[in-house]
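Right, one structure below, let's go through it.
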Amino acid sequence: QVQLVESGGGLVQPGGSLRLSCAVSGIRSSIYDMGWYRQAPGKSRELVARITRGGTTNYPDSVKGRFAISRDVASNMLYLQMNSLKPEDTAVYYCQLQITELRAYWGQGTQVTVSS
């Protein structure tokens, strides 16, 4: 059974940092592309970071230079380092493992709130 479990969310002040983790079990994640998505209240889910199985990363302009995605193949973990956080980064953050173009596994999400 494939499971993705996120952790590391919380409340942080503007300008602060958080590191999200995603523990993958039941599948060898290193052979798949993975990503972090977020969904704010009343908005659709959006991609914030992606990493291919070859290690290539990409980010939307909204987080480029502030967020960094990485993976630890040995421990089957995915990470998202978030720096210089803004109130507009407030959302539920989800870890995703892409099996095929139409099939993916998702975690349950972790709340990130950026507020003073």
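Residues in the sequence shown are numbered from 23 upward in steps of one, following this note's numbering. A virtual CB, placed ideally from N, CA and C, is assigned to each residue, including glycine. As the structure is a computational prediction, the values presented were derived from the model and not from experiment.
{"Item": "For the putative contact between L107 and P36, defined by C-beta atoms under 8 angstroms, what is the C-beta separation to the nearest angstrom?", "Value": "6 angstroms"}
{"Item": "Using the DSSP secondary-structure output, state which residues sit across from G57 in a beta bridge.", "Value": "R72, Q118"}
{"Item": "Give a yes or no on contact between the segment 51-63 and the segment 76-93, applying the rule of three or more CB pairs nearer than 8 angstroms.", "Value": "yes"}
{"Item": "Straight-line CA distance for Q133 to V27?", "Value": "13 angstroms"}
{"Item": "Taking 8 angstroms as the threshold (C-beta atoms), are C44 and G129 in contact?", "Value": "yes"}
{"Item": "Answer yes or no: do V136 and V34 have a C-beta to C-beta separation smaller than 8 angstroms?", "Value": "yes"}
{"Item": "Flag this pair as yes or no: are the beta carbons of Q120 and Y54 separated by less than 8 angstroms?", "Value": "yes"}
{"Item": "With a CB to CB cut of under 7 angstroms and the five nearest residues on each side skipped, what residues in its chain are close to P155?", "Value": "This structure gives no information on residue 155, because the portion of the chain shown stretches from 23 to 138."}
{"Item": "Are the beta-carbon atoms of V85 and V70 separated by less than 8 angstroms?", "Value": "yes"}
{"Item": "Bridge partners for V34 per DSSP, in chain order?", "Value": "V136"}
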